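Number of protein chains: 4
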Amino acid sequence: MEFAIFPIDKGEHVSQYVKKVVEMIDELPYKSQLTAMGTIVECNTMEECLSVISKANAIFEHDVERIYCTATFDNKPGKSDQMEHKVKAIRGK
Amino acid sequence: MEFAIFPIDKGEHVSQYVKKVVEMIDELPYKSQLTAMGTIVECNTMEECLSVISKANAIFEHDVERIYCTATFDNKPGKSDQMEHKVKAIRGK
Amino acid sequence: MEFAIFPIDKGEHVSQYVKKVVEMIDELPYKSQLTAMGTIVECNTMEECLSVISKANAIFEHDVERIYCTATFDNKPGKSDQMEHKVKAIRGK
Amino acid sequence: MEFAIFPIDKGEHVSQYVKKVVEMIDELPYKSQLTAMGTIVECNTMEECLSVISKANAIFEHDVERIYCTATFDNKPGKSDQMEHKVKAIRGK
């Protein structure tokens, strides 16, 4: 899963908000990668992915008036290590 | 929330799969709108939105090898009736 | 194609900005639908779709510091009237 | 900009298609990063970004029946080096 979440009502600079989300994800036992456009998190199940978004939203919810979040899920049930595997499949080993 | 979910491994025609998701959403007590690009669902909380995606994913998970899902959340905590309100704010009453 | 475009640096209420985009699209010779989450535009080619995004971005570019835009394209080369057809394929006639 | 583009009508394994897109992007004079969920490309203008999507779509268009593409643009007019800057703003130097 890749997702991005940020407040719309706090002006142009949102990195202090995104920082809190990234720190929360760092505490989780999932492989993740922060990019310029969002965070990629590899969970074992869809439920786990959705729970990460829920936790991220909870960080904002009490002091933000409007939260925007985009998420993309590429779910291959029963498969793991896709974050690394997918890039290798394209780049070669 | 707007989301789209479909199998990638079942060929070009995915409407029979999407139909099951839409029927599931129709049973839920939320306002929703099916469009050519996805389904918009207005829930009261982020948890409810994430639960809709979880239910949609569960429909596919046992007989699909690869599921793709995109979701966008526009969360205004404590506000309701945004689906109608937002279009009116742009189009006028 | 469905897309949403809005400024991040102008606070919570962005409908006056989105309104300009919608008015621009209304002038174009494409079928379109404004929803609570974005605008669906049916063009004949990918080039036409990308040109709509370019025009929308141009509306903002001189007085906005940060513009966020999400777009999803469902391109069936050579096919038309998909906006209506896709909903019918799911809802039945 | 981050984007992902792939055929829906070619089955579960799409890496040979994505590979062509990545090779095309490698030839371009823009900073880019391939991730498990898409490709991030840093262009100077929105026009350049849209042109990359157009080129990617052209790779598929003659032998694919249905192409799906998602794109997210984070446009800060007049600013450069955001790909690196944004991650640093969150992770610290």
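As given, the protein sequences belong to chains A, B, C and D, one line each in that order. Here this note's numbering runs 43 ahead of the position in the first sequence, where the first position is 1. Here this note's numbering runs 43 ahead of the position in the second sequence, where the first position is 1. Here this note's numbering runs 43 ahead of the position in the third sequence, where the first position is 1. Here this note's numbering runs 43 ahead of the position in the fourth sequence, where the first position is 1. Yeah, the Cβ is synthetic: ideal placement off N, Cα and C, and Gly gets one too. For clarity, every value in this text was computed on a predicted model and none was experimentally measured.
Under 9 Å between C-beta atoms of residue i and residue j
i: E55 of chain A; j: D124 of chain C; result: no
i: N80 of chain B; j: E45 of chain C; result: Note on identity: in this sequence residue 80 of chain B is Met, with Asn being the wrong assignment. Contact flag set, yes.
i: A114 of chain D; j: I96 of chain D; result: yes
i: I48 of chain B; j: F103 of chain A; result: no
i: V64 of chain A; j: T82 of chain A; result: yes
i: N118 of chain A; j: Y111 of chain B; result: yes
i: S75 of chain D; j: E85 of chain D; result: yes
Opposing strand residues paired with residue i [DSSP bridges]
i: F116 of chain A; result: B:C112
i: Q76 of chain C; result: C:I83
i: E45 of chain C; result: C:I83, C:T115
Endpoints, the alpha helix (DSSP H) within which residue i is located
i: V84 of chain C; result: V84 of chain C -> not in any alpha helix (DSSP H); beta strand (DSSP E) instead, spanning 82–85.
i: I96 of chain B; result: 89–104
i: I133 of chain C; result: 125–134
i: K53 of chain A; result: Per DSSP, K53 of chain A belongs to no alpha helix (DSSP H) and is neither H nor E.
Straight-line gap, residue i to residue j (C-alpha atoms, nearest Å)
i: I68 of chain A; j: K129 of chain D; result: 17 Å
i: P120 of chain C; j: R109 of chain C; result: 33 Å
i: N100 of chain A; j: L71 of chain B; result: 23 Å
i: K62 of chain A; j: K122 of chain B; result: 26 Å
i: Q59 of chain A; j: S94 of chain C; result: 34 Å
i: T78 of chain D; j: V57 of chain B; result: 26 Å
i: P50 of chain D; j: Y73 of chain B; result: 32 Å
i: G135 of chain B; j: M89 of chain D; result: 30 Å
i: E66 of chain B; j: K131 of chain A; result: 38 Å
i: K98 of chain D; j: H105 of chain A; result: 43 Å
Chain A contacts made by the stretch 50–83 of chain C, where a contact means CB separation under 9 Å = P50, I51, D52, K53, G54, E55, H56, V57
Q: Check distances from the C-beta atoms of the stretch 105–122 of chain D to those of chain A and list, in chain order, the residues that come in under 7 Å.
A: T113, T115, D117
Could you list the residues in the stretch 86–102 of chain D with a C-beta less than 7 Å from some C-beta on chain C, going in chain order? M89, E90, L93, I96, S97, N100
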